[in-house]
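Visitor: Everything in the sequence shown is counted per my numbering, starting at 327 for the first residue and increasing by one.
I have a structure here, written as structure tokens, and I will follow up with some questions on it.
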Amino acid sequence: MRDETIGAVAVIGAGAMGAGIAQVFAEKGFETRLFDPYPESLERGINQIEDFWKRGIERGKTTIVDKENWSRNLSYGVELEETTRDVDLIIEAAPENLDLKKGIFSKLDEIAKPGAILASNTSSLSIGALAEGLSHPEKVIGMHFFNPVPLMTLLEIVRHDKNDQHTIDTIQKIGSMIGKTTILVNDVPGFATSRLGVVLGNEAIRMLAEGVASASDIDTAMRLGYKHPMGPLELSDMVGLDVRRDILNGLSESLGDERYLPHPLLEKLVNEGSLGKKTGVGIYHWKDGQKTDREDLRRR
327 MRDETIGAVA VIGAGAMGAG IAQVFAEKGF ETRLFDPYPE SLERGINQIE
377 DFWKRGIERG KTTIVDKENW SRNLSYGVEL EETTRDVDLI IEAAPENLDL
427 KKGIFSKLDE IAKPGAILAS NTSSLSIGAL AEGLSHPEKV IGMHFFNPVP
477 LMTLLEIVRH DKNDQHTIDT IQKIGSMIGK TTILVNDVPG FATSRLGVVL
527 GNEAIRMLAE GVASASDIDT AMRLGYKHPM GPLELSDMVG LDVRRDILNG
577 LSESLGDERY LPHPLLEKLV NEGSLGKKTG VGIYHWKDGQ KTDREDLRRR
């Protein structure tokens, strides 16, 4: 299944989000290219996709034929210009740093195919700021996916003041084609989802630090009491505590509100390198995809 206006898709950044985005597009029949300037990062992204497909086969949810078909749609590269040549949609999934992302978009503005849509997977940074100074700001838009991308059905589309309607309509259509339910939000700090999600996660960390309950009990309360598919602390570990910290700091600065400042425990974990599932330890200990509580984080 492909859109007539989108012949090929490139994803910039092979981290957990970028690899997941590339996987979803490849599964839906799009010619998909995954780029990362660091070969070791690209290899991790490739392994993430391969492992996901292998688990699907082992569980009887997919077949070897499916995997072979999807693999034919997916290619990889460490040269940006080569990977993005003649691509109609480029999705940036780099770390949540405005200067880094602006640098990527500036380069894409030089090398992208005329008329290509440039999208960012940012969860909180201004799309208008990313589009500022580019040749075609109307073609820059936010596509905020959720982790893990192959399983989460929401796609938050973020429009800014200079977007044209065709770009918005195209991304809404593409979102539907890759199996996502889309929402359209304006370009405000934290959009709709991150602003709510990080506040909930930050308050859950505060509760953990104050000894209200264990991490697993706090998460169970939100899963069973409020029907959240995943508790806020587990989700924070899945997203990455560094990502959560950066979003909170960005919200605090852009909104001028100290209530959004990350809790000291979150800062402590990030500074010591305990970033969540990707490092094997964060709010939880992680091993083979399974989590266990860290009693040392709970005040007695």
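Heads up, the beta-carbon is just placed ideally off N, CA and C, and yes, glycines get one too.
None of the values given here were measured: they were computed from a predicted structure.
1. Which class does His611 belong to by DSSP, given the choice of helix, strand or coil?
2. Is DSSP giving Met564 helix, strand or coil here?
3. To the nearest angstrom, report how far apart Ser600 and Lys594 are at their CA atoms.
4. Leaving out five residues on either side along the sequence, give the residues of the same chain with a beta carbon under 6 Å from the beta carbon of Asp545.
5. Leaving aside the five residues before and after Leu526 along the sequence, list all residues of the same chain whose C-beta is less than 7 Å from its C-beta, in chain order.
6. Taking Cβ to Cβ, would you say Val511 is nearer than 8 Å to Met343?
7. Is it buried or exposed, Arg626, if we count other Cβ atoms within 10 angstroms and call 16 or more buried?
8. Classify Met469 as helix, strand or coil using the three-state DSSP reduction.
9. Specify, as a first and last residue, the run of the alpha helix (DSSP H) that Lys499 falls within.
10. Pick out whichever of Arg620, Leu424 and Thr409 has its Cα sitting closest to the Cα of Leu534.
11. Buried or exposed for Ser562, going by 16 or more other Cβ atoms inside 10 Å?
12. Would you decide whether Ile390 is buried or exposed? Buried here means 16 or more other CB atoms lie within 10 Å of its CB.
13. Is the segment 333-341 close to the segment 451-469, with three or more CB pairs under 8 Å?
14. Tell me the residue span of the alpha helix (DSSP H) that contains Trp403.
Guide: Checking against the coordinates, here is how it stands:
1. Stepping through the sequence shown from its first residue, residue 611 is reached at position 285. The three-state secondary structure of His611, taken from DSSP, is strand.
2. Numbered from its first residue, the sequence shown carries residue 564 at position 238. If DSSP states are grouped into helix, strand and coil, Met564 belongs with the helices.
3. The count along the sequence shown starts at 1 and reaches residue 600 at position 274. The count along the sequence shown starts at 1 and reaches residue 594 at position 268. Per the coordinates, the alpha-carbon of Ser600 lies some 9 Å from the alpha-carbon of Lys594.
4. Counting from 1 along the sequence shown, the entry for residue 545 is found at position 219. Same-chain partners within the cutoff: Gly557, Leu559 and Glu560.
5. Reading the sequence shown from its first residue, position 200 is the one you call residue 526. Pro558, listed in sequence order.
6. One-based indexing of the sequence shown puts residue 511 at position 185. One-based indexing of the sequence shown puts residue 343 at position 17. Not closer than 8 Å, so no.
7. Position 300 of the sequence shown, counting from 1, holds the residue named residue 626. Because Arg626 sits at a pLDDT of 41, beneath the cut-off of 50, its placement in the model cannot be relied upon, and the following sentence gives the value as read from the coordinates. Exposed.
8. Stepping through the sequence shown from its first residue, residue 469 is reached at position 143. Note: Met469 maps to strand in three-state DSSP.
9. Position 173 of the sequence shown, counting from 1, holds the residue named residue 499. Here the alpha helix (DSSP H) through Lys499 covers Gln491 to Met503.
10. Numbered from its first residue, the sequence shown carries residue 534 at position 208. Taking only the C-alpha atoms, the option nearest Leu534 is Arg620.
11. Taking the first residue of the sequence shown as 1, we reach residue 562 at position 236. It is buried - the Cβ of Ser562 has at least 16 other Cβ atoms within 10 Å.
12. By one-based count along the sequence shown, residue 390 stands at place 64. Exposed is the call here.
13. no
14. Numbered from its first residue, the sequence shown carries residue 403 at position 77. It is worth fixing the name first, because residue 403 is Gly in this sequence and not Trp. Note, Gly403: premise wrong, no alpha helix (DSSP H); beta strand (DSSP E) at Leu400 to Gly403.
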